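Asker:
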Amino acid sequence: MIKIQQISKSKIESVDFDNLVFGKTFTDHMFICHYKESKWQPPEIKPYEPLTLDPSASVLHYGQAVFEGMKAFKDLQEKIWLFRPDENYKRINRSAHRLQIPEFPEKYFFEGIKQLLKLDEAWIKQGEGNSLYIRPFVFASQSTVQATASDEYIFMIICAPVSTYYSGGEINVLIAEQYSRAANGGVGFAKAAGNYAAQFYPTSEALKKGFQQIIWTDANKHEYLEEAGTMNIFFKINDSLITAPTNDRILDGVTRKSIIEIAKGNGIHVEERPIKVSEIIKAYENGNLQEIFGTGTAVVVLPISSFSYRGISYKTLGTNNTAITLKKQLVGIQYNQLKDSFNWTVKID
Ligand code: COI
Numbered sequence: 244m245i246k247i248q249q250i251s252k253s254k255i256e257s258v259d260f261d262n263l264v265f266g267k268t269f270t271d272h273m274f275i276c277h278y279k280e281s282k283w284q285p286p287e288i289k290p291y292e293p294l295t296l297d298p299s300a301s302v303l304h305y306g307q308a309v310f311e312g313m314k315a316f317k318d319l320q321e322k323i324w325l326f327r328p329d330e331n332y333k334r335i336n337r338s339a340h341r342l343q344i345p346e347f348p349e350k351y352f353f354e355g356i357k358q359l360l361k362l363d364e365a366w367i368k369q370g371e372g373n374s375l376y377i378r379p380f381v382f383a384s385q386s387t388v389q390a391t392a393s394d395e396y397i398f399m400i401i402c403a404p405v406s407t408y409y410s411g412g413e414i415n416v417l418i419a420e421q422y423s424r425a426a427n428g429g430v431g432f433a434k435a436a437g438n439y440a441a442q443f444y445p446t447s448e449a450l451k452k453g454f455q456q457i458i459w460t461d462a463n464k465h466e467y468l469e470e471a472g473t474m475n476i477f478f479k480i481n482d483s484l485i486t487a488p489t490n491d492r493i494l495d496g497v498t499r500k501s502i503i504e505i506a507k508g509n510g511i512h513v514e515e516r517p518i519k520v521s522e523i524i525k526a527y528e529n530g531n532l533q534e535i536f537g538t539g540t541a542v543v544v545l546p547i548s549s550f551s552y553r554g555i556s557y558k559t560l561g562t563n564n565t566a567i568t569l570k571k572q573l574v575g576i577q578y579n580q581l582k583d584s585f586n587w588t589v590k591i592d
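Counted from 1, the sequence shown has number 478 at position 235 by the numbering used here; the numbering is strictly sequential.
(1) Does the beta-carbon of His-272 have 16 or more other beta-carbons within 10 angstroms, so that it is buried, or is it exposed?
(2) Which class does Ile-480 belong to by DSSP, given the choice of helix, strand or coil?
(3) Give a yes or no on contact between the segment 479–491 and the segment 438–452, applying the rule of three or more CB pairs nearer than 8 Å.
(4) Near Glu-514, which residues of its chain fall below 8 Å by C-beta distance, leaving aside the five closest residues on each side in sequence?
(5) Would you report the Cα separation of Gln-358 and Lys-246, rounded to the nearest angstrom?
(6) Would you report the Cα separation of Ala-440 and His-304, rounded to the nearest angstrom?
(7) According to DSSP, is Ile-518 part of a helix, a strand, or is it coil?
(8) What residues does ligand 1 have around it, judged by CB closer than 5 Å to any heavy atom, in chain order?
(9) In chain order, which continuous runs of the beta strand (DSSP E) of length 3 or greater are located wholly inside the segment 388–444?
(10) For Gly-306 and Met-313, what's the separation of their Cα atoms in angstroms?
(11) Go ahead and label Arg-334 buried or exposed: buried means 16 or more other beta carbons lie within 10 angstroms of its beta carbon, across all protein chains shown.
(12) According to DSSP, is Arg-499 part of a helix, a strand, or is it coil?
(13) Can you tell me the Cβ-Cβ gap for Ala-526 and Pro-546, rounded? I've got them flagged as a contact below 8 Å.
(14) Name the one or two DSSP bridge partners that His-272 has.
(15) Quick one: give me the first and last residue of the beta strand (DSSP E) that Gly-539 is part of.
(16) Determine, using beta carbons only, whether Arg-492 and Thr-538 come nearer to each other than 9 Å.
(17) Is Leu-197 helix, strand or coil by DSSP?
(18) Out of curiosity, what's the CA-to-CA distance linking Lys-593 and Leu-417?
Take a look at the structure:
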């Protein structure tokens, strides 16, 4: 079904797997499929190489593009596992639908990933923290500066061997008071390329002040906590976990929903509800703000040790017990070291 052209010589020998920088090294092959004449054409896997695009390609002007982030893991028996890939498939099509991009066929998505993983299997290293980050994406490729939906698209999958996203292990964040990530009726729930581009300037200002990420608040009054950079966000207050509900502003994170299920299975009370900045400041003042952590495919589960709001810095109690326990359970399932009673993992044979 997929035409495969293999590389003649792998570049894997030149890669320093002990010093990988997230998202900078890519495997030998890539998957590519063109949408033309109102249909997806037969896909191909070929050597990883630059693309040639017309300077007027619609995506370069209007940003009509969406993507996914997922990972493959290698267990101790050298078997390869995906984690909830059906969720990524559904979500890329939800994102595509909102951006007026045609739905991508299921069989091409799954067969493309499977064949790529088989060809580039050596790039997946064993050991906790090591994985292959899989990046499916689709963009408008029609040559036109007309501000309308394109009638040509390119769907691709590329893969990057990765270890940890942030080297430090925990981060400090700034709560947004001026800028916004998403608004009602917008594209916040989608993995639209532009959602991330719009965060770069405020985030770089925050980086200059010593923060690694921004926690975005609602665009209306900046009162409610929503998500942080590439992560959904959880607060542990009085032994309960609280996270914002998914809606048209918030990404329906696969790690987010998995952590909620694992936490509930551990008997932890989880609340998916709007949470105000004032509520966490009050919890801090009462000594009840136990933990804050972010979740996402790239970061997995990442403790947030402090946040700053209106120029004042607040620290959590700093134990991060819940974040550490939940991460251990999630990662144990992903690497096939713990029983997957949820049926989330998919073996590649
Ligand atoms: C994810 O964690 O889900 C991502 O896709 C991260 C990426 C934006 C670097």
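For glycine and all other residues, C-beta sits at the position ideal for the given N, C-alpha and C. Keep in mind that this is a model prediction, so the values were computed, not measured.
Answerer: With the given structure in hand:
(1) With at least 16 other beta carbons inside 10 angstroms of its own, His-272 counts as buried.
(2) strand
(3) no
(4) The beta carbon of Glu-514 sits closer than 8 Å to the beta carbons of Ser-483, Leu-484, Ile-485, Thr-486 from its chain, once the five residues preceding and following it are set aside; these are given in chain order.
(5) 10 Å
(6) 13 Å
(7) coil
(8) Gly-312, Thr-473, Gly-539, Thr-540, Ala-541
(9) 396–405, 414–418
(10) 22 Å
(11) buried
(12) helix
(13) With a Cβ gap of about 16 Å, Ala-526 and Pro-546 do not count as contacting.
(14) Answer is Pro-290, bridged to His-272.
(15) 532–539
(16) no
(17) The requested residue 197 is not part of the displayed model; the chain covers only 244 to 592.
(18) Outside the shown range of the chain, which is 244 to 592, sits residue 593, and nothing can be said about it.
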